[in-house]
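**Q** Numbering (full-length UniProt numbering), first residue to last: 1 to 281. For glycine and all other residues, C-beta sits at the position ideal for the given N, C-alpha and C. Predicted model only: the values in this text are computed from it and were never measured. Sending over a structure as structure tokens; questions will come in a sec.
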Amino acid sequence: MIYLILSVLSSMAIFVLFKLFSKFKINTLQAIVVNYVTAFTCGLFFYEGIIRSEIINADWFAVAVTLGFLFIAIFNVMALTAQKNGLSVVSVASKMSVIIPVLFGIYVYKESAGIIKIIGIVLALIAVYLTSIKQKDDTVLTRAIYLPLILFIGSGIIDTSVNHFAPKNNIQLFLAVIFGIAGVIGFIIIAYKSLRLNQHFKFKSIPFGIALGIVNYCSMYFLLKALRVDGFESSSIFTINNVAIVALSTLIGLLLFKEHISKTNWIGIVLAMAAIILISF
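Take a look at the structure:
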């Protein structure tokens, strides 16, 4: 359970950093790319083995490269969704995607699906939706509806694939390849925007990107470690991790950033706690 707690806390730090991006007017794409480079470096630093050219023949290598492309693609879809549909839609679509790895665990891994667990999962999905809705956000579901759908499916595929294909003994290297590929593509995008659109790199993005990269790597690493603890099912881990992040992030928004929490959000937080208890026991 300690790995799951560390993953949730790392994800909380990601939430705080993104809030600071807005406050200090940090270029999000540039910080994200620095984040990928930092996370890639963390993966190499903590890998205890010797990196050999044979890794390109490993069963997980092609998947890791594909996920690297998917990471940066979904980030751009997320940005477009925020512009076209609003921040609430982004939050709901990305967080509700947890149902994909949950169903995958139940049907493919034959994990338990008792009535209490099912009720907990349903409550968790309702909690995510209620907690993510912000009254002041201009949510327009009918405009560019394909974007939140792509975000929902893409986020679910990422979570499912990372869990299913990550090697048991080479988690650090697996994550390093994913983040490394995403970083390379991100640099290409930044170079294009710099040359063609005259968008210059802002060096204040670097420290924020480094901080984001460290907690982003920790979030993924500890989640994978939690998923590999004997006695815990992936469907339960994903649900608890997701709903805890949403609920606690909302509370952090209230305490640190004085954000308004509606009655609907409070109901979502209460349901989130109930869902965690049901799924845990």
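1) Under a Cβ-count criterion, where at least 16 other Cβ atoms within 10 Å of its own Cβ denotes burial, should Phe238 be classed as buried or exposed?
2) Assuming Ile158 and Ile74 form a contact by the criterion Cβ under 8 Å, report the distance between their Cβ atoms to the nearest whole angstrom.
3) Going by the beta-carbon positions, is the gap between Ala64 and Phe174 smaller than 9 Å?
4) Which ranges does the alpha helix (DSSP H) cover as unbroken runs of at least 4 residues, wholly within the UniProt domain "EamA" (2-132), from first to last along the chain?
5) In angstroms, rounded to a whole number, what distance separates the CA positions of Tyr107 and His200?
6) Return no unless some Cβ of chain B is closer than 9 Å to the Cβ of Ala182.
7) Alpha carbon to alpha carbon, how far is Leu151 from Ile189? Give it in angstroms, no decimals.
8) Would you mind working out which of Asn242, Ser97, Ala274 and Ile277 sits nearest Val8, comparing C-alpha positions?
9) Excluding the five sequence neighbours on either side, which residues of its own chain have a C-beta within less than 8 Å of the C-beta of Ile14, listed in chain order?
10) Count the other CB atoms, across all protein chains shown, that sit within 10 Å of the CB of Lys204; report buried if there are 16 or more and exposed otherwise.
11) Starting from Pro167, trace the alpha helix (DSSP H) in both directions and tell me its first and last residue.
12) By Cβ distance below 7 Å, which residues in the same chain neighbour Ser181 in space, the five residues on each side in sequence not counted?
13) Where do the ends of the alpha helix (DSSP H) carrying Ser253 lie?
14) Please check the pair Phe222 and Tyr36, which I expect to be a contact at CB under 8 Å, by giving their CB distance rounded to whole angstroms.
15) Please state the DSSP three-state secondary structure of residue 283.
16) Using only alpha-carbon positions, find the residue among Leu254, Leu103 and Ile171 that is nearest to Glu48.
17) Can you tell me whether Lys134 is helix, strand or coil according to DSSP?
18) Would you mind sorting Gly231 into buried or exposed? The rule is 16 or more other CB atoms within 10 Å of its CB.
19) What span of residues does the alpha helix (DSSP H) with Ser219 cover, start to end?
20) With burial defined as no fewer than 16 other Cβ atoms inside 10 Å of the residue's Cβ, what is the status of Leu197: buried or exposed?
**A** Considering the structure as presented:
1) By one-based count along the sequence shown, residue 238 stands at place 238. Per the 10 Å Cβ criterion, buried.
2) By one-based count along the sequence shown, residue 158 stands at place 158. By one-based count along the sequence shown, residue 74 stands at place 74. Contact between Ile158 and Ile74 holds: CB atoms are separated by about 7 Å, below the 8 Å threshold.
3) Counting from one through the sequence shown, the residue named residue 64 turns up at place 64. Counting from one through the sequence shown, the residue named residue 174 turns up at place 174. Yes, Cβ-Cβ distance for Ala64 and Phe174 is below 9 Å.
4) Counting only runs of 4 or more, we get 2-23, 28-46, 61-85, 87-96, 99-108 and 115-132.
5) Start at 1 with the first residue of the sequence shown, and residue 107 comes out as number 107. Start at 1 with the first residue of the sequence shown, and residue 200 comes out as number 200. Taking the Cα positions, Tyr107 is about 48 Å away from His200.
6) The displayed structure is made up of one protein chain only, and chain B is not part of it.
7) Start at 1 with the first residue of the sequence shown, and residue 189 comes out as number 189. Start at 1 with the first residue of the sequence shown, and residue 151 comes out as number 151. A direct Cα-to-Cα measurement between Ile189 and Leu151 gives close to 20 Å.
8) Here the question's residue 8 lines up with position 8 in the sequence shown. Ranking Asn242, Ser97, Ala274 and Ile277 by CA distance to the CA of Val8 puts Asn242 first.
9) Looking up residue 14 in the sequence shown gives position 14. Cβ within range, chain order: Leu212, Val215, Asn216 and Ser219.
10) Position 204 of the sequence shown, counted from the first residue, corresponds to residue 204. When all chains shown are included, Lys204 counts as exposed.
11) Translated into positions along the sequence shown, residue 167 becomes position 167. Segment: none, Pro167 is in no alpha helix (DSSP H) and carries neither H nor E.
12) Taking the first residue of the sequence shown as position 1, residue 181 is located at position 181. The question names Ser, yet the displayed sequence has Ile at residue 181. The residues are Val65, Gly68 and Phe69.
13) Taking the first residue of the sequence shown as position 1, residue 253 is located at position 253. For the sequence presented, residue 253 should be read as Gly rather than Ser. Element bounds for Gly253: Ser234 to Phe257.
14) Working through the sequence shown from its first residue, we reach residue 222 at position 222. Working through the sequence shown from its first residue, we reach residue 36 at position 36. About 18 Å; that fails the 8 Å criterion.
15) The first residue shown for the chain is 1 and the last is 281, placing residue 283 beyond what the model contains.
16) Reading the sequence shown from its first residue, position 48 is the one you call residue 48. Ranking Leu254, Leu103 and Ile171 by Cα distance to Glu48 puts Ile171 first.
17) Here residue 134 corresponds to residue number 134 of the sequence shown, with the count starting at 1. Taken through DSSP and simplified to helix, strand or coil, Lys134 comes out as coil.
18) Within the sequence shown, residue 231 is the residue found at index 231, counting from 1. Counting the other CB atoms within 10 Å of its CB gives Gly231 a total below 16, which places it among the exposed residues.
19) By one-based count along the sequence shown, residue 219 stands at place 219. Element bounds for Ser219: Ser205 to Leu227.
20) Mapped onto the sequence shown, residue 197 falls at position 197. Residue environment for Leu197: exposed (fewer than 16 other C-beta atoms within 10 angstroms of its C-beta).
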